[in-house]
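Have a look at the structure below, then the notes.
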Amino acid sequence: MKTFLKTALACALGVIIAILVLGRLAIIILSGITAFSNIAYTPKPHTIFKLELNGELTERSYNNFYNLLWGKETAVLGLDDILSAIKKAKNNSNIDGIYMTINNLSAGYASLSEIRDELADFKQKGKFIICYADNYRQSEYYLASVADEVYLNPMGRIDLSGITSEHIFYKDVLDKLGIGIQVFRVGTFKSAVEPFINTQMSEANREQTQQYISSIWNDILTKISETRNIPTKTLNQYADSLLIFQPAQKIKSIRLVDNLNYQSQIENRLKFLTFTETNKDLNIATLSDMVSSENEGQSEKNKIAVVYATGEIDGIDEDNNINSQEIVSTLNDIQKNRNIKGVVLRINSPGGSLFGSEQIWAAIERLKTEKIVVASMSDYAASGGYYIACNSNRIFAQPTTITGSIGIFGIIPEAENLLTKKLGFTFDEVKTNKYGNFPSLHKKMSESEKAFFQREIENGYQQFIERCAWGRKITSDSISKIAEGRVWTGIDALQLGLIDELGGLSAAISWIAQETELSQFELIEYPQKKTLLEELSLNMGENVKARLIRSWIGETGLHLKTIKQIKDIYPIQARMETFVLK
Numbered sequence: 016m017k018t019f020l021k022t023a024l025a026c027a028l029g030v031i032i033a034i035l036v037l038g039r040l041a042i043i044i045l046s047g048i049t050a051f052s053n054i055a056y057t058p059k060p061h062t063i064f065k066l067e068l069n070g071e072l073t074e075r076s077y078n079n080f081y082n083l084l085w086g087k088e089t090a091v092l093g094l095d096d097i098l099s100a101i102k103k104a105k106n107n108s109n110i111d112g113i114y115m116t117i118n119n120l121s122a123g124y125a126s127l128s129e130i131r132d133e134l135a136d137f138k139q140k141g142k143f144i145i146c147y148a149d150n151y152r153q154s155e156y157y158l159a160s161v162a163d164e165v166y167l168n169p170m171g172r173i174d175l176s177g178i179t180s181e182h183i184f185y186k187d188v189l190d191k192l193g194i195g196i197q198v199f200r201v202g203t204f205k206s207a208v209e210p211f212i213n214t215q216m217s218e219a220n221r222e223q224t225q226q227y228i229s230s231i232w233n234d235i236l237t238k239i240s241e242t243r244n245i246p247t248k249t250l251n252q253y254a255d256s257l258l259i260f261q262p263a264q265k266i267k268s269i270r271l272v273d274n275l276n277y278q279s280q281i282e283n284r285l286k287f288l289t290f291t292e293t294n295k296d297l298n299i300a301t302l303s304d305m306v307s308s309e310n311e312g313q314s315e316k317n318k319i320a321v322v323y324a325t326g327e328i329d330g331i332d333e334d335n336n337i338n339s340q341e342i343v344s345t346l347n348d349i350q351k352n353r354n355i356k357g358v359v360l361r362i363n364s365p366g367g368s369l370f371g372s373e374q375i376w377a378a379i380e381r382l383k384t385e386k387i388v389v390a391s392m393s394d395y396a397a398s399g400g401y402y403i404a405c406n407s408n409r410i411f412a413q414p415t416t417i418t419g420s421i422g423i424f425g426i427i428p429e430a431e432n433l434l435t436k437k438l439g440f441t442f443d444e445v446k447t448n449k450y451g452n453f454p455s456l457h458k459k460m461s462e463s464e465k466a467f468f469q470r471e472i473e474n475g476y477q478q479f480i481e482r483c484a485w486g487r488k489i490t491s492d493s494i495s496k497i498a499e500g501r502v503w504t505g506i507d508a509l510q511l512g513l514i515d516e517l518g519g520l521s522a523a524i525s526w527i528a529q530e531t532e533l534s535q536f537e538l539i540e541y542p543q544k545k546t547l548l549e550e551l552s553l554n555m556g557e558n559v560k561a562r563l564i565r566s567w568i569g570e571t572g573l574h575l576k577t578i579k580q581i582k583d584i585y586p587i588q589a590r591m592e593t594f595v596l597k
């Protein structure tokens, strides 16, 4: 009887779970049908665009399968959708203003600058921006400070404490395991290998890190100062006072916010600004509404292409990185399309495979014979990311973009101590040629092998220098002086001639339109976004585990991923180190 009851309960539970899952799947299918219905949203007069910023900001939006399945709000926002929505709201006469709410937004400063620039442009139309948050982290307040009115919860706090770059080192851990890392590099400042061979930052790395975080911080202070009318010196004093422990009333008294209100109280202010009667509901447009609204000023004939290159170049996680073969194929196809008048290569990459970077560089060289090519740098366009940018006709970056890092390195792991001394393995071999077993995990490289490898690294570095010199139309000696693997911010890169102009994706597109004399054009994006069914397929299998682990351990996953790369990546890399800015 007990067995029968257990079986019956198990079956009943299985049926319930199946119903829930199938129900969710039905919702997803209906959502997909709705998404493809091509019904454009039209706002009513005196509508407010409510821009809710919470979760992770990525370069492009995508269908978040797990959140749809379990009925949760999406935790991923696409920068492309946000910029598009703000533009449309600016040009739509029925949109009176933007009500922006921020809650645990994870984003890089350069991406936030893109949004901030669009919001500043939105205000030029005479429309209002109001921002509210329960609490503001530093990056969130940087974005919020562009608003006409900034509101904080009466129990809220603001964290404004400066920038720290934190680095983690694996050497002692690897030594305890008996794993050695054989390193080959060119460039005094090429610090990507330091976590494997050092227990702290080298003096060169400390120097460059201090330089770029100071540059980023100065840009943040300058922009907050301009919109909040508070001197940068005063803001620095606030940052040195552990502002996060100051009560909200103090925050208001020093003019970092305009007023203290609960979120529900903001509605009355919005009704006043939109001439809405107190007993009537506000007309609200969501992000998805604005994305689906009509886009004016397009021409089906003339097109500008935006090609997204996001992640590590030929990285081990193929789904979230740059596949050089696919990018090259896309650029080749664009070259044949006569309707495409110009191309923006949108880069958010710390680099990666030297081989893959070269293939993309060469494809851009071919494409330039037919089209204008512009590079638009996001949070990162460093090392291999700069390699693929440098050959463009013009390069745009945000002041806080991380770029440069012109240098390469190679790492070959060896586990001789682990395998032979700690675990007791023995090895023997038969070979026909001297280097038949190169490289070998169970023994260190010989001096002649090291010499061959170092020579290969030096040749690769020289090629990198020459590619940059060719693309920037300056001498190799000039590039060498600012190379050595050194990292620069966008504002420093402009002074050094590594980029041409400060600005975001919109500025890059506008420059192409001006150069090609296009008053109307259609934007087309590559690669095409995955459909819901494609996302469903992508999220199954091994990728499920990776996404769940990433959501659980957060930034720690960056370091675990780096350790995995020791074994899996192509040994010669044009990549900058992984670090966390706080």
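With the working numbering as the guide, the letters of the sequence shown map in order to residues 16 to 597. The beta carbon of each residue, even a glycine, is placed where N, CA and C say it ideally should be.
- Query: Does the distance from the CB of I183 to the CB of L134 come in under 8 angstroms?
  - Reply: For the pair I183 and L134, the CB atoms are not nearer than the 8 angstroms cut-off.
- Can you tell which of E530, D174, I417 and L192 has its C-alpha closest to the C-alpha of L513? Of the listed residues, the one whose Cα sits closest to L513 is I417.
- Message: Suppose contacts are defined by Cβ-Cβ distances below 8 angstroms. Is L68 in contact with L120 by that definition?
- Response: Cβ atoms of L68 and L120: closer than 8 angstroms.
- CA nearest to the CA of S303, picked from K59, D96, T73 and N408: From the listed residues K59, D96, T73 and N408, the smallest Cα separation to S303 is found for D96.
- Query: When we look at the beta-carbon of T62 and count the other beta-carbons within 10 Å, is it buried (16 or more) or exposed?
  - Reply: Its Cβ being crowded by 16 or more others within 10 Å, T62 is buried.
- Query: Which word fits Y395, buried or exposed, when buried means at least 16 other C-beta atoms lie within 10 angstroms of its C-beta?
  - Reply: Residue burial is scored here from C-beta neighbours: Y395 has at least 16 other C-beta atoms within 10 angstroms and is therefore classed as buried.
- Message: Taking the beta carbon of G419 as the centre, do at least 16 other beta carbons fall within 10 Å, making it buried, or is it exposed?
- Response: By the 10 Å Cβ count, G419 comes out buried.
- Message: Among the candidates R501, R131, I387 and L167, whose CA atom is the shortest distance from the CA of L533?
- Response: Nearest option by C-alpha distance: I387.
- Query: Going by the beta-carbon positions, is the gap between L285 and Y56 smaller than 8 angstroms?
  - Reply: Here L285 is not near Y56, since their CB atoms are 8 angstroms or more apart.
- Message: For the segment 123 to 143 against the segment 216 to 227, do three or more pairs of beta-carbon atoms, one drawn from each stretch, fall closer than 8 angstroms, so that the two count as touching?
- Response: With the rule of 3 Cβ pairs closer than 8 angstroms, the segment 123 to 143 does not count as touching the segment 216 to 227.
- Query: Nearest-angstrom Cα distance between L288 and A162?
  - Reply: Going from the Cα of L288 to the Cα of A162 covers about 14 angstroms.
- Item | Distance between L275 and E164 (C-alpha atoms, nearest Å) | Going by the C-alpha atoms only, they are around 11 angstroms apart.
- Contacts around K267, its chain only, beta-carbon distance under 6 angstroms, and the 5 residues preceding and following it disregarded: Closer than 6 angstroms at the Cβ level, and outside the excluded window around K267, lie L275.
- Would a C-beta distance cut-off of 8 angstroms place Y147 and Q278 closer than the cut-off? Y147 places its beta carbon less than 8 angstroms from that of Q278.
- Message: I'd like to confirm the pairing. Which residues does DSSP put opposite F468 in its beta bridges?
- Response: F468 pairs with nothing; no bridge assigned.
- Please classify K316: is it buried, with 16 or more other beta-carbons within 10 angstroms of its beta-carbon, or exposed? Around the beta carbon of K316, fewer than 16 other beta carbons sit within 10 angstroms, so the residue counts as exposed.
- Task: State the Cα-Cα distance for the pair Y476 and T504, rounded to the nearest angstrom.
- Result: Roughly 21 angstroms separates the two Cα atoms.
- Query: In terms of alpha-carbon separation, which member of K142, F143 and A159 lies closest to N150?
  - Reply: With distances taken between Cα atoms, N150 lies closest to A159.
- Query: Which first and last residues belong to the beta strand (DSSP E) in which V343 is found?
  - Reply: Note, V343: premise wrong, no beta strand (DSSP E); alpha helix (DSSP H) at S339 to K351.
- Message: I need the boundaries of the beta strand (DSSP E) containing K318, first residue and last residue.
- Response: From DSSP, the beta strand (DSSP E) with K318 extends over K318 to T325.
- Message: Beta-carbon within less than 8 angstroms of F143's beta-carbon, same chain only, minus the 5 sequence neighbours each way: which residues are those?
- Response: Within its own chain, the residues whose Cβ lies closer than 8 angstroms to the Cβ of F143, once the five positions on either side in sequence are excluded, are D111, G112, I113, D163, E164 and L288, listed in chain order.
- Message: One question on the structure: do Y166 and L127 come within less than 8 angstroms of each other, judged by their Cβ atoms?
- Response: Judged by their CB atoms, Y166 and L127 are not nearer to each other than the 8 angstroms cut-off.
- Would you decide whether E481 is buried or exposed? Buried here means 16 or more other CB atoms lie within 10 Å of its CB. It is exposed - the Cβ of E481 has fewer than 16 other Cβ atoms within 10 Å.
- Query: Do G422 and G399 come within 8 angstroms of each other at the CB atom, strictly closer than that value?
  - Reply: No, these two residues do not count as a Cβ contact at 8 angstroms.
- Task: Taking only the alpha-carbon atoms, compute the straight-line gap between L360 and N347 and give it to the nearest angstrom.
- Result: Their backbone Cα atoms lie some 13 angstroms apart in a straight line.
- Is it the case that the Cβ atoms of L92 and E129 are separated by a distance below 8 angstroms? In this structure, L92 sits away from E129, with a CB-CB distance that is not shorter than 8 angstroms.
- Nearest-angstrom beta carbon gap, F211 and I426 [assumed within contact, 8 angstroms]: The Cβ separation is near 7 angstroms, so the contact holds.
- Query: Roughly how many whole angstroms lie between the Cα atoms of Q413 and Q280?
  - Reply: Q413 and Q280: Cα-Cα distance of roughly 36 angstroms.
- Item | Same chain, Cβ closer than 6 angstroms to E530, five either side skipped, listed in chain order | These residues qualify, in order along the chain: I387.
- Closest by C-alpha distance to T247, when choosing among A122, A263, G177 and A397: Out of A122, A263, G177 and A397, the CA that lies nearest to the CA of T247 is found in G177.
- Task: Tell me whether Q153 is buried or exposed, calling it buried when 16 or more other Cβ atoms sit within 10 Å of its Cβ.
- Result: By the 10 Å Cβ count, Q153 comes out buried.
- Out of curiosity, what's the CA-to-CA distance linking A498 and S180? Computed Cα separation, rounded: 21 angstroms.
- Message: Once the 5 residues before and after S407 are set aside, which same chain residues still bring their CB inside 6 angstroms of it?
- Response: If we look at S407 and ignore the five residues flanking it on each side, its Cβ neighbours are V388, V389 and A390.
- Would you report the Cα separation of K206 and N220, rounded to the nearest angstrom? Checking the displayed sequence, the identity of residue 206 turns out to be Ser instead of Lys. Distance from the CA of S206 to the CA of N220, rounded to the nearest whole angstrom, comes to 6 angstroms.
- Message: Does K248 come out as helix, strand or coil in the three-state DSSP assignment?
- Response: Residue state, collapsed to three classes: helix.
- Item | Endpoints, beta strand (DSSP E) assigned at G419 | It spans I417 to G419 - the beta strand (DSSP E) in which G419 sits, taken as one unbroken run.
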